[in-house]
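Numbering (my numbering), first residue to last: 2 to 344.
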């Protein structure tokens with residue numbers, strides 16, 4: 002059960018969960034075998050990291066602002082990107098991250114990233130990278146047809162910019178994401194795309210998707226015009242469309258819900274992503290419990306729905322108060338409220 006913990010600490014005491022707050026300058030925490038070390042630069046922290054280590058990033062802009070290379074199997078955890086959920090810490094902002102050979106079986110969550118590249122270089126070998134609960138602008142996966150890139154999981158993210166997946170790689174899953182796909186090219190073949198909310202331009206919608214499976218998604222035209230699918234030989238199962246599909250092309254479909262509106266589908270949503278929107282389905286929506294697994298279509302379906310606020314898995318600072326001066330006894334009072342996370 003989620004609990005709210007009040008932690009009162011003296012300045013002389015180092016507590017791992019609050020180390021970033023107690024330092025005069027927010028620092029990156031590298032956890033190696035449970036022992037923390039602190040860095041200002043993420044590049045320096047990665048250089049010191051070993052495979053399997055976890056790096057906890059503070060809120061604010063992460064240094065350096067130039068490209069940051071990840072070539073080790075590490076887990077990077079930010080403070081989150083939703084404004085209301087990261088109010089006490091600030092959201093974690095990274096400019097450019099590049100995952101290269103050696104980063105397989107690593108993970109990334111709780112960050113706002115301008116540009117994320119996974120295997121976007123020649124002759125890469127990456128198996129098993131998960132990106133979850135992040136806000137991502139440009140996302141590019143793969144660069145050539147000879148690399149080995151597989152078992153890439155993109156889940157519970159907000160994807161707002163260009164999305165490119167090289168057509169040589171089918172081992173990419175997109176699950177419970179918000180995807181704004183007016184700016185896309187070069188999508189891969191054989192992708193599994195489920196329980197997302199996908200905003201598309203009405204004409205040439207989902208261009209360059211080939212032999213992909215779309216399941217339990219909500220697919221929305223960014224205009225009032227009907228959707229004309231330009232994907233090829235894809236299969237659409239139990240998806241809800243706003244407003245409807247007027248051209249299916251070479252694709253097949255089963256159990257589609259057509260002729261829907263934003264107003265009768267979501268509690269509160271417009272024609273693009275907003276932190277202020279509510280993407281839960283209205284009780285009257287035909288998408289309720291309509292997924293192939295008996296849960297809702299969209300991001301709040303599945304047995305593990307989209308997490309409110311996209312808060313990372315680790316205990317999350319929701320309030321902090323640091324005294325501006327010490328007591329007569331030389332003690333600096335610090336109050337931290339930490340919310341334990343179930344997942």
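Just so it is clear, CB atoms sit at the ideal spot from N, CA and C, and this is done for glycine as well.
- For residue 44, the secondary structure class from DSSP, reduced to helix, strand or coil, is helix.
- In terms of Cβ geometry, residue 140 and residue 160 form a close pair [threshold 8 Å].
- In the three-state DSSP reduction, residue 120 falls in the coil class, being neither helix nor strand.
- Between the stretch 242-254 and the stretch 219-233, the count of Cβ pairs shorter than 8 Å is three or higher; the stretches touch.
- Our two residues, residue 59 and residue 37, have alpha carbons roughly 14 Å apart in a direct line.
- For residue 51, the number of other beta carbons within 10 angstroms of its own is below 16, and it is reported as exposed.
- Inter-residue distance for residue 170 and residue 332 is about 57 Å (C-alpha atoms, whole angstroms).
- In this structure, the straight-line span from the alpha carbon of residue 75 to that of residue 105 is close to 9 Å.
- Going by DSSP, residue 96 is part of the beta strand (DSSP E) stretching over 93-100.
- Assignment of beta-bridge partners to residue 176 by DSSP yields 156 and 195.
- In terms of CA proximity to residue 152, 120 leads the group 136, 69, 120 and 178.
- Annotation for residue 225: no beta strand (DSSP E) segment contains it, and DSSP assigns it neither H nor E.
- The beta carbons of residue 274 and residue 181 sit closer together than 8 Å.
- About 6 Å separates the beta carbons of residue 71 and residue 47, which is inside the 8 Å limit, making them a contact pair.
- Within its own chain, the residues whose Cβ lies closer than 7 Å to the Cβ of residue 260, once the five positions on either side in sequence are excluded, are 244 and 245, listed in chain order.
- Judged by their CB atoms, residue 307 and residue 68 are not nearer to each other than the 8 Å cut-off.
- Within the DSSP secondary-structure output, residue 39 pairs in a beta bridge with 30.
- Counting along the chain, the unbroken beta strand (DSSP E) around residue 269 starts and ends at 267-269.
- Under the three-state reduction of DSSP output, residue 107 falls in the strand class.
- Residue 215 has 194 and 237 as its beta-bridge partners, per DSSP.
- Taken in chain order, the whole beta strand (DSSP E) runs of length 3 or more contained in the stretch 46-84 are 55-57, 69-71 and 76-78.
- The Cβ atoms of residue 173 and residue 142 lie closer than 8 Å to each other.
- Non-local beta-carbon contacts of residue 190 in its own chain, meaning distances under 6 Å to residues more than five positions away in sequence, involve 168, 171, 211 and 212 in chain order.
- DSSP places residue 138 within a strand segment (E or B) once states are collapsed to three.
- Shown here, residue 169 sits in coil according to DSSP, grouped into three states, outside any helix or strand.
- Taking a contact as a CB-CB distance under 8 Å, the pair residue 116 and residue 97 counts as one, their CB atoms being some 5 Å apart.
- The Cβ-Cβ distance between residue 110 and residue 134 falls below 8 Å.
- Under DSSP, residue 128 shares a beta bridge with 151.
- Take residue 131, set aside five residues on each side of it, and the residues of its chain with a beta-carbon closer than 6 Å to its own are 108 and 154, in chain order.
- Bridge pairing for residue 113: 94 and 136 [DSSP].
- Secondary structure of residue 206 (DSSP, three-state): strand.
- Residue 300 places its beta carbon less than 8 Å from that of residue 177.
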